[in-house]
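Novice:
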Amino acid sequence: MPRKSRITLKEIEHLAWLARVQLTKREKRLFKEQLSSILEYFDKLDEANVEELPPTFHVVEHYNVFREDEPRPFPSDIVLKNPPKMKGRFIKAPRIV
Amino acid sequence: MVGDGVKIGLEVHCQLTSLKTKLFCSCPTDYRGKPPNTNICPVCMGEPGTLPVLNKEAVRAAVMVALALHSKISRFTYFTRKNYFYPDMAKNFQISQYDGVGGAPIAKGGYVDLGNGKVVRIRRLQLEEDPARLVYEGTIDTATATLVDYNRHGVALIEIVTEPDITSPEDARRFLQKLRSILEHLGVFDGELEGSMRCDANISLEGGVRVEIKNISSYKDVERALRFEITRQSSLISRGIRVVRETRFWDERRRVTVSLRVKETEEDYRYFPEPDLPPVVITDEFIDEVKRSLPILPDERKRIFVEKYGVSEQNAEVLVNDKALADFFEDCLKHYGKAQELSNLLVGDFLAQLHSLNLSVREVKVKPEYIAKLLRLLDKKVLTGHLAKAVLREMLETGRDPEAIVEEKGLRRIGSREELEKIVDRVFRENRKAVEDALVNEKAVHFLVGQVMRITRGKADPNLTRQIIKNKLEKVRASRKA
Ligand SMILES: [Zn+2]
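First to last, the sequence lines map onto chains X and W.
Per numbering that gives the first Met the number 0: the first sequence = residues 0 to 96.
Per numbering that gives the first Met the number 0: the second sequence = residues 0 to 481.
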C-alpha cells in the first residue's frame, strides 16, 4: 500500500490545543508521522467484513454492574493531599476564560 | 412582528436529588452548605486506578422519568466519555451518554403537554455527571485563578433535551415548571434546592439561524434570557444585519447574553464508549416493575381535580403545575368542601401574595384548617373580599388563625345599615363638591364609596354602602325638585 500521510500538520496543532499542550516543530512532525502510521493500521482493520456483527463496546461480556445507593463518605483530607495548589479548601486551577 | 416564527429548544439538566450518593461513587450528595471539597473521593476525583460503579437507583430514577415523559426506553444503553480539558471535571472527561451515530442514551422521544393546547416533544434523556462549581478570584474578567469545589462534581444529572417546539419565552418557562412538577411528583427531584435545575436554550427566529444560550439557572431567567435574545436578534434583522450562528452566555447579573468564543466542535469531544463501565441492559420486567410503582402524575391529577372535584380546567392546570400547591389544595379540601371556591382563592390571592412576599408554597406556615376558616368567614359575610385579602396576608406572615386576626384587629365587615348610614352622612357633609358631581355623574359615586372605605379601612360592606349612597343621592334630588 502506498504510504500516504493520513493526518495534517494543522490537525496535529488542533489536537495539541485540545490537549492543552505546546509542541515544538520537531514534535509536531514526529507526531504527524506516528499518528499517521497508527491510522494506516486502522485501514487494515477496515478491511475485515463486520457487516453482520454488532459493535463491541467491551471485550468482556459484563452487564449491569451496579452499586447500592448507600453513602460511604471518604476522608477528604487524604484526597486533598494530591492537588498541586490549594487556596483554603478550594483547589486552585489556572484561569480559563 | 417581534416574536413571530420563534423556535426554541431546551436542554435541561436536573439533579436526581433523591439519590443519596453520586452517580459513580459512594460520596454523599448532601453537599449544600458544606465546606468546599468535603464530599470527594479518589473515584470522583479521577485518581489513577479507581473504577466508577453505577448507582442502581439512578437507573431506576431515569426509567421513571422516561415513563413519565412517554419516552422510549433503550433496552441496551451505555456510557460515553466526553473529552475536554476544563477544571470543572477532575478526570478531563465527563462520563455522559451520546446521541450521535452508535450512541445509545437511556431513552428517546416522548413529550410534555403544556396544558395550554401545546405539546413539546422530547428528543432524548440521558444520565451524566454534574460538573464542579467554579469560583473566580475577583470578577470573571479579571480573575487570575479559578478556584474549584468538587463537592457537586459527579452528582447524577438527568439531561432532558426537547425538540425546537417551544414558540415563546413564556412557554419555555411553562415547560420548565411542568417538567419540575412531573419530576417532583415522581419524587426524584426537588426544584427548591439551589442549583438543582439548570438549562441551555437554543433559539432561532423566522429566517434566522440557531443561537445557543448557556448558563441559565432559574425558571425566571429562562424567560428573561430568551426575551433578551429575541429582541437582540430581531433588532439585528430589522437593521439588515445577519444573525450569526454562535454560542452565547447568559450573564445573570447584567441580564444580557454575551458571545462566547467556543472553539470546540462536537467531534472535538472525541466521544467513545466508557471502557470502565459495562453497558446496561434494561429488561421489560424491570420497566414493568417501575411502571407499577409510578405515583400519580400532574396530568392525571388535573383530570381528577376537574372531573371529581369540579375545579375549572384553568385552575386545575395552575394547581398541578406546582406539586406543593396541588398537595396544599388537597389538604385544604379535607376541611372545606367547595373545591372551586377554594381553588379560586389559592390560584388567585394566595399565589399573588406569596409572590409579593417572595415565598414558595412549601414555606407557607398556614394550616389548611385556617384556609378553610378564612373561606367560611367569607361565606358568612364576616369578611368582605377586601378584608379577606388583609387577613390572608397576616396569616401568611404569621401563620395565625384568621378568627384571632379578625378579633384582634377588628377586621369584621361593617354590615349594619345604621352604622354605615352614619358614616355616609359624614362623607356627604365633608365632600359637598363630590356629592354635586355624583348627582349628575354616575362615575363620581365611586369616589363616595371610596371615602366610606377609607374611613372604615375597607371594612364596609361594599354593596350595602353603594345602596345607601344611591338612596341618599335620590333623596337629595327629590328634595331639590320639591
Ligand atoms: Zn466520590
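For each residue, glycine too, the CB sits at the ideal point set by N, CA and C.
Small disclaimer: the values here were computed from a predicted structure and weren't measured.
How far does the beta strand (DSSP E) with residue 122 of chain W in it reach, from first residue to last?
Specialist: If you number the second sequence from 1, residue 122 of chain W lands on position 123. Taken as a continuous stretch (DSSP letters only), the beta strand (DSSP E) holding residue 122 of chain W covers 118 to 128.
Novice: Could you pull the start and end residues of the beta strand (DSSP E) that residue 6 of chain W belongs to?
Specialist: Here residue 6 of chain W refers to the residue found at position 7 when the second sequence is read from its first residue. Note, residue 6 of chain W: beta strand (DSSP E), 6 to 14.
Novice: Just by C-beta distance, which residues in the stretch 76 to 95 of chain W are closer than 7 Å to chain X?
Specialist: Close to chain X, meaning a Cβ-Cβ distance shorter than 7 Å, are the following residues of the stretch 76 to 95 of chain W: 77, 84, 85, 86.
Novice: Apart from the five residues on each side of it in sequence, which residues of its chain come closer than 8 Å, Cβ to Cβ, to residue 475 of chain W?
Specialist: For this step, residue 475 of chain W is matched to residue 476 along the second sequence. Answer for residue 475 of chain W: 434, 438, listed in chain order.
Novice: Who are the neighbours of residue 148 of chain W on chain A, taking C-beta pairs under 7 Å?
Specialist: Here the protein chains are X and W, and chain A is not one of them.
Novice: Helix, strand or coil for residue 205 of chain W? Go by DSSP, reduced to three states.
Specialist: Sequence index remark: in the second sequence, residue 205 of chain W carries index 206 (1-based). Correct three-state label for residue 205 of chain W: coil.
Novice: Any idea what DSSP makes of residue 155 of chain W, helix, strand or coil?
Specialist: Sequence index remark: in the second sequence, residue 155 of chain W carries index 156 (1-based). The answer is strand: DSSP assigns residue 155 of chain W an E or B state.
Novice: Roughly how many whole angstroms lie between the Cα atoms of residue 451 of chain W and residue 406 of chain W?
Specialist: The residue labelled residue 451 of chain W in the question sits at position 452 within the second sequence. The residue labelled residue 406 of chain W in the question sits at position 407 within the second sequence. Taking the straight line from one Cα to the other gives about 21 Å.
Novice: Can you tell me which of the three DSSP states residue 0 of chain W falls into?
Specialist: On the second sequence, position 1 is the one that residue 0 of chain W refers to. For residue 0 of chain W, the predicted structure reports a pLDDT of 48, less than 50, and the residue's modelled location is therefore unreliable. A value from the coordinates is still provided. Three-state result, residue 0 of chain W: coil.
Novice: Run down chain X in chain order and give the residues with a C-beta less than 7 Å from the C-beta of residue 204 of chain W.
Specialist: Your numbering for residue 204 of chain W matches position 205 in the second sequence. Near residue 204 of chain W there are no residues of chain X at all, since even the closest Cβ is about 28 Å away, more than 7 Å.
Novice: Counting only C-beta atoms, is residue 0 of chain X closer than 8 Å to chain W at any point?
Specialist: Here residue 0 of chain X refers to the residue found at position 1 when the first sequence is read from its first residue. Unreliable positioning characterises residue 0 of chain X in this predicted model, as indicated by a pLDDT of 43, which lies under 50. A coordinate reading is not provided.
Novice: For the stretch 58 to 69 of chain X, enumerate the residues whose C-beta is nearer than 7 Å to any C-beta of chain W, in chain order.
Specialist: 61, 62, 63, 64, 65, 66, 67, 68, 69
Novice: Using a Cβ-based criterion (distance less than 7 Å to any ligand heavy atom), does residue 26 of chain W qualify as near ligand 1?
Specialist: Translated into the one-based positions of the second sequence, residue 26 of chain W becomes position 27. True, at least one ligand heavy atom lies under 7 Å from that Cβ.
Novice: Within 8 Å of any Cβ in chain W, is that where the Cβ of residue 49 of chain X sits?
Specialist: Numbered from its first residue, the first sequence carries residue 49 of chain X at position 50. False, the Cβ-Cβ gap to chain W never drops below 8 Å.
Novice: Should residue 416 of chain W and residue 386 of chain W be called a contact, given that it needs their Cβ atoms to be closer than 8 Å?
Specialist: If you number the second sequence from 1, residue 416 of chain W lands on position 417. If you number the second sequence from 1, residue 386 of chain W lands on position 387. The answer is no: Cβ separation not under 8 Å.
Novice: Measure from the C-beta of residue 41 of chain X to each C-beta in chain W and report whether the shortest distance is under 8 Å.
Specialist: What you label residue 41 of chain X is simply residue 42 of the first sequence in a count that begins at 1. No, because no Cβ of chain W sits closer than 8 Å to the Cβ of residue 41 of chain X.
Novice: Please confirm whether residue 79 of chain X has its beta-carbon closer than 8 Å to some beta-carbon of chain W.
Specialist: Taking the first residue of the first sequence as position 1, residue 79 of chain X is located at position 80. At least one CB of chain W lies nearer than 8 Å to the CB of residue 79 of chain X.
Novice: Mind checking whether the beta-carbon of residue 331 of chain W lies closer than 7 Å to any heavy atom of ligand 1?
Specialist: In the second sequence, counting from the first residue as 1, residue 331 of chain W sits at position 332. Incorrect: residue 331 of chain W has no Cβ contact closer than 7 Å to ligand 1.
Novice: Please confirm whether any heavy atom of ligand 1 lies closer than 7 Å to the CB of residue 45 of chain W.
Specialist: Locating residue 45 of chain W in the second sequence gives position 46, counting from the first residue. Residue 45 of chain W Cβ: outside cutoff for every heavy atom of ligand 1.
Novice: Touching or not, the stretch 30 to 48 of chain W and the stretch 34 to 54 of chain X, by the rule of three or more beta carbon pairs under 8 Å?
Specialist: no
Novice: Compute the distance between the beta-carbons of residue 341 of chain W and residue 332 of chain W, then report whether it is under 8 Å.
Specialist: Counted from its first residue, the second sequence places residue 341 of chain W at position 342. Counted from its first residue, the second sequence places residue 332 of chain W at position 333. Closer than 8 Å, so yes.
Novice: Would you say residue 35 of chain X reaches chain W, if we count a Cβ-Cβ gap shorter than 8 Å as a contact?
Specialist: Sequence index remark: in the first sequence, residue 35 of chain X carries index 36 (1-based). Not an interface residue.
Novice: Quick one: complete alpha helix (DSSP H) runs, 4+ long, within the stretch 330 to 354 of chain W?
Specialist: Within the stretch 330 to 354 of chain W, the alpha helix (DSSP H) runs of at least 4 residues that lie entirely inside it are, in chain order, 338 to 344.
Novice: Under three-state DSSP, which class holds residue 7 of chain X?
Specialist: The residue given as residue 7 of chain X occupies position 8 in the first sequence. Taken through DSSP and simplified to helix, strand or coil, residue 7 of chain X comes out as coil.
Novice: I think residue 63 of chain X touches residue 279 of chain W, with their Cβ atoms under 8 Å apart; what is that distance to the nearest whole Å?
Specialist: Start at 1 with the first residue of the first sequence, and residue 63 of chain X comes out as number 64. Start at 1 with the first residue of the second sequence, and residue 279 of chain W comes out as number 280. Contact holds; Cβ gap of about 6 Å.
Novice: Where does residue 276 of chain W land, buried or exposed, given buried means 16+ other C-beta within 10 angstroms?
Specialist: Position 277 of the second sequence, counted from the start, is the residue given in the question as residue 276 of chain W. Under this definition residue 276 of chain W is a buried residue.
Novice: Determine the burial state of residue 318 of chain W: buried for a count of at least 16 other Cβ atoms within 10 Å of its Cβ, exposed for fewer.
Specialist: Residue 318 of chain W sits at position 319 when you count from the first residue of the second sequence. Burial call: buried.
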